[in-house]
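Q:
Protein chains: 2
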Amino acid sequence: MRADGVCDGDLTLHYREYMMHEPSRAQKALEPVRPFSTIERDSVYRAIKERRDVRDQFLPTPVPDDVMMRLLSAAHNAPSVGFMQPWNFLVVRDPQRRERAWEIFNNANQEAAEMFSGDRKQSYQSLKLEGIRKAPVNLIVTCDRNRGGPVILGRTHNKQMDIYSAVCAVQNLWLAARAEGIGVGWVSIFEDASMRTLFGIPDDIEIIAYLCIGYVDTLYNEPELAAKGWRQRLKLEELIFSEEWGRASSA
Amino acid sequence: MRADGVCDGDLTLHYREYMMHEPSRAQKALEPVRPFSTIERDSVYRAIKERRDVRDQFLPTPVPDDVMMRLLSAAHNAPSVGFMQPWNFLVVRDPQRRERAWEIFNNANQEAAEMFSGDRKQSYQSLKLEGIRKAPVNLIVTCDRNRGGPVILGRTHNKQMDIYSAVCAVQNLWLAARAEGIGVGWVSIFEDASMRTLFGIPDDIEIIAYLCIGYVDTLYNEPELAAKGWRQRLKLEELIFSEEWGRASSA
Chain U
117 MRADGVCDGD LTLHYREYMM HEPSRAQKAL EPVRPFSTIE RDSVYRAIKE RRDVRDQFLP
177 TPVPDDVMMR LLSAAHNAPS VGFMQPWNFL VVRDPQRRER AWEIFNNANQ EAAEMFSGDR
237 KQSYQSLKLE GIRKAPVNLI VTCDRNRGGP VILGRTHNKQ MDIYSAVCAV QNLWLAARAE
297 GIGVGWVSIF EDASMRTLFG IPDDIEIIAY LCIGYVDTLY NEPELAAKGW RQRLKLEELI
357 FSEEWGRASS A
Chain E
117 MRADGVCDGD LTLHYREYMM HEPSRAQKAL EPVRPFSTIE RDSVYRAIKE RRDVRDQFLP
177 TPVPDDVMMR LLSAAHNAPS VGFMQPWNFL VVRDPQRRER AWEIFNNANQ EAAEMFSGDR
237 KQSYQSLKLE GIRKAPVNLI VTCDRNRGGP VILGRTHNKQ MDIYSAVCAV QNLWLAARAE
297 GIGVGWVSIF EDASMRTLFG IPDDIEIIAY LCIGYVDTLY NEPELAAKGW RQRLKLEELI
357 FSEEWGRASS A
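So, in structure tokens, the structure goes:
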């Protein structure tokens with residue numbers, strides 16, 4: 117609590133301590149860049165290219181605690197606006213609770229199917245869109261919008277930046293999981309209020325992602341929705357503009 | 117345009133073609149997982165751990181077109197809801213345009229400084245929060261919320277999913293950039309309307325991220341805001357819950 121009554125996690129104190137005791141910490145923290153070798157660089161691209169949204173390939177093999185901690189640590193290393201680190205990670209393994217989460221998905225998914233018509237509806241209904249019960253671990257990633265007080269460096273002009281930080285944490289975890297041989301599927305088809313009630317998530321905490329997590333021994337070599345004919349990859353070149361909106365780029 | 121007048125990018129046609137001509141594409145696309153070797157896995161974690169939000173370490177060295185395309189390809193390989201791929205990439209190199217973008221930042225940043233008080237305001241004003249003019253490349257990542265028609269698989273119950281997809285694209289690019297020896301800084305302090313006008317971005321396109329991109333030869337070995345005493349890293353263990361909100365996890 118600051119003298120002016122604004123709670124900011126005692127950061128003014130931190131700043132004073134820094135100025136008094138660690139005048140050169142910032143200087144010492146700036147180090148020469150160690151380049152990535154070719155195989156290191158290629159490995160990052162490999163994880164990016166081979167990452168898939170997994171719905172059905174989960175094995176029942178338990179995910180050990182130390183592996184789960186590596187994945188969560190990858191998430192925790194995401195960028196965050198004003199170093200706010202607004203995320204929490206709710207790990208769900210209990211089969212009964214996952215069954216109830218699946219029911220919440222299933223209700224919403226039936227509503228969703230009704231929003232399509234004809235062949236498209238038939239196609240939608242043929243797709244498996246989650247692995248809530250099959251994946252041994254479910255993970256809810258949230259965003260605490262009040263963490264660090266009301267004024268956050270970098271969020272002053274874009275109030276969504278904390279949400280974006282939590283999404284970056286999801287993507288970090290997803291890529292780390294691919295490197296571990298673990299598949300991840302992002303479930304977005306559910307009523308927020310129902311999921312919130314099931315897991316006791318307070319109203320001021322935003323649910324960002326409901327993830328299904330587990331080892332896999334097969335993966336699609338292209339996005340599953342492309343392989344199954346739902347939608348195809350766009351040409352990257354057509355998505356790039358140069359200097360202003362709509363001006364085609366040569367690169 | 118479908119028979120019922122809903123534009124969905126001729127995807128019903130795609131589905132029919134798929135059913136008629138490619139009945140086994142999905143089966144063929146499911147392949148055994150190739151594990152990551154130890155060095156490959158460690159490289160992914162290395163990129164995640166060493167990625168920094170860069171504001172001042174940019175070198176003037178040009179970023180070649182082929183490297184830029186690799187970064188954008190990494191972004192384009194992000195997950196997207198319903199395989200919507202809602203992003204565009206606006207590459208800005210023109211120094212005059214970057215100067216004008218910086219002015220937009222600078223106006224907002226002065227407003228932002230006024231939101232802090234005392235030591236905290238002084239500290240805020242001492243931080244360099246962007247590299248718009250110093251980085252040779254700026255990149256605006258956007259989200260086209262209407263791409264693929266009004267009903268998107270997976271966005272039916274969470275309207276923000278397309279935005280989250282575009283954020284995942286940013287994080288993919290950021291990690292790829294680290295592996296290339298390229299720094300990235302995310303600028304969020306600007307008036308949306310001013311930036312939109314400067315680059316001619318239509319009202320129905322959402323600006324997700326304004327990125328500064330360039331080679332670096334030094335990087336902070338911890339988040340710059342931590343090194344400079346603004347805010348410190350939270351303990352991961354305290355952010356993890358088990359089975360329900362607030363229940364401490366042993367793992």
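Going down the list, the protein sequences come from chains U and E.
Under the working numbering, think of the first position of the first sequence as 117, with each following residue one higher.
Under the working numbering, think of the first position of the second sequence as 117, with each following residue one higher.
Even for Gly, the Cβ is constructed at its ideal location relative to N, Cα and C.
1. On the criterion of 16 or more Cβ atoms from any shown chain inside 10 Å, does U:V234 qualify as buried, or is it exposed?
2. U:I321 bridges to which residues according to DSSP?
3. List, in order along the chain, the chain U residues whose C-beta lies closer than 9 angstroms to that of E:K165?
4. Only counting the same chain, and skipping five residues up and downstream in sequence, which positions put a Cβ closer than 6 angstroms to that of U:I321?
5. Of the residues E:R167, E:E147 and E:V149, which one's Cα is nearest the Cα of E:W290?
6. When the distance is taken between beta carbons, is U:V267 closer than 8 angstroms to E:C284?
7. Using a Cβ-Cβ cutoff of less than 8 angstroms, which residues in the same chain neighbour U:R154 once the five nearest sequence positions on both sides are dropped?
8. If the criterion is Cβ atoms closer than 8 angstroms, does the pair E:E147 and U:L335 meet it?
9. If I'm right that E:I323 touches E:I317 with Cβ under 8 angstroms, what's the distance once you round it to whole angstroms?
10. Check whether the stretch 187-200 of chain U and the stretch 218-235 of chain E touch, using three or more Cβ-Cβ pairs below 8 angstroms as the test.
11. Go ahead and label U:E230 buried or exposed: buried means 16 or more other beta carbons lie within 10 angstroms of its beta carbon, across all protein chains shown.
12. By how many angstroms is the C-alpha of E:V300 removed from the C-alpha of E:E227?
13. To the nearest angstrom, how far is it from the Cα of U:G270 to the Cα of U:Y326?
14. Which value, in whole angstroms, describes the spacing of the CA atoms of U:K250 and E:N222?
15. Considering Cα atoms alone, identify which of U:F315, U:D169, U:E353 and U:N274 is closest to U:V303.
16. By how many angstroms is the C-alpha of U:S159 removed from the C-alpha of E:Q348?
17. Near U:F315, what residues of its chain come up, given a Cβ to Cβ distance below 7 angstroms and the 5 sequence neighbours on each side ignored?
18. Near U:L350, what residues of its chain come up, given a Cβ to Cβ distance below 8 angstroms and the 5 sequence neighbours on each side ignored?
19. If contact means a Cβ-Cβ distance below 8 angstroms, which residues of the stretch 309-341 of chain E contact chain U?
20. So with Cβ pairs under 8 angstroms, would you call E:F205 a contact of chain U?
21. Would DSSP call U:S62 helix, strand or coil?
A: Per the coordinate set shown:
1. Within the first sequence, the letter at position 118 stands for residue 234 of chain U. Residue identity check: residue 234 of chain U is Gly in the sequence provided, not Val. With fewer than 16 Cβ atoms within 10 Å of its Cβ, U:G234 is classed as exposed.
2. One-based indexing of the first sequence puts residue 321 of chain U at position 205. The partner list for U:I321 (beta bridge, DSSP) reads U:D260.
3. Your numbering for residue 165 of chain E matches position 49 in the second sequence. Within 9 angstroms Cβ-Cβ: S189, A190 and N193.
4. As a first step, residue 321 of chain U must be located in the first sequence, where it is residue number 205. So the list reads T258 and D260, once near-sequence residues are dropped.
5. For the purposes of this step, residue 290 of chain E is taken as residue 174 along the second sequence, with counting starting at 1. Nearest C-alpha to E:W290: E:R167.
6. Position 168 of the second sequence, counted from the start, is the residue given in the question as residue 284 of chain E. Position 151 of the first sequence, counted from the start, is the residue given in the question as residue 267 of chain U. Taking 8 angstroms as the Cβ cut-off, E:C284 and U:V267 do not qualify as a contacting pair.
7. Counting from 1 along the first sequence, the entry for residue 154 of chain U is found at position 38. Residue 154 of chain U is actually Thr in this sequence, not Arg. Excluding sequence neighbours, U:T154 sits near nothing in its chain.
8. Within the second sequence, residue 147 of chain E is the residue found at index 31, counting from 1. Within the first sequence, residue 335 of chain U is the residue found at index 219, counting from 1. Contact: yes.
9. Reading the second sequence from its first residue, position 207 is the one you call residue 323 of chain E. Reading the second sequence from its first residue, position 201 is the one you call residue 317 of chain E. Between E:I317 and E:I323 the Cβ distance is about 6 angstroms, and since that is below 8 angstroms, they are a contact.
10. no
11. In the first sequence, counting from the first residue as 1, residue 230 of chain U sits at position 114. Exposed, by the Cβ-count rule.
12. Along the second sequence, one-based indexing puts residue 227 of chain E at 111. Along the second sequence, one-based indexing puts residue 300 of chain E at 184. Approximately 24 angstroms, taken between the alpha carbons.
13. Here residue 270 of chain U corresponds to residue number 154 of the first sequence, with the count starting at 1. Here residue 326 of chain U corresponds to residue number 210 of the first sequence, with the count starting at 1. If you take the alpha carbons of U:G270 and U:Y326, they lie about 26 angstroms apart.
14. To locate residue 250 of chain U, count along the first sequence from 1; it is residue 134. To locate residue 222 of chain E, count along the second sequence from 1; it is residue 106. Approximately 51 angstroms, taken between the alpha carbons.
15. Here residue 303 of chain U corresponds to residue number 187 of the first sequence, with the count starting at 1. Distances from the alpha-carbon of U:V303 to those of U:F315, U:D169, U:E353 and U:N274 put U:D169 closest.
16. Indexing the second sequence from 1 puts residue 348 of chain E at position 232. Indexing the first sequence from 1 puts residue 159 of chain U at position 43. Answer to the nearest angstrom: the Cα atoms are 30 angstroms apart.
17. As a position in the first sequence, residue 315 of chain U is number 199, starting the count at 1. Excluding sequence neighbours, U:F315 sits near L206 and I256.
18. In the first sequence, the residue the question calls residue 350 of chain U occupies position 234. Here the set comprises nothing.
19. If the cut-off is 8 angstroms between Cβ atoms, the stretch 309-341 of chain E has F315, G316, I317, P318, I321, I324, A325, V332, D333, T334, L335, Y336, N337, E338, P339, E340 and L341 near chain U.
20. Taking the second sequence and counting its residues from 1, one reaches residue 205 of chain E at position 89. It does: the Cβ of E:F205 has a partner Cβ on chain U nearer than 8 angstroms.
21. Given a span of 117 to 367 for chain U in the structure shown, any question on residue 62 of chain U remains unanswerable.
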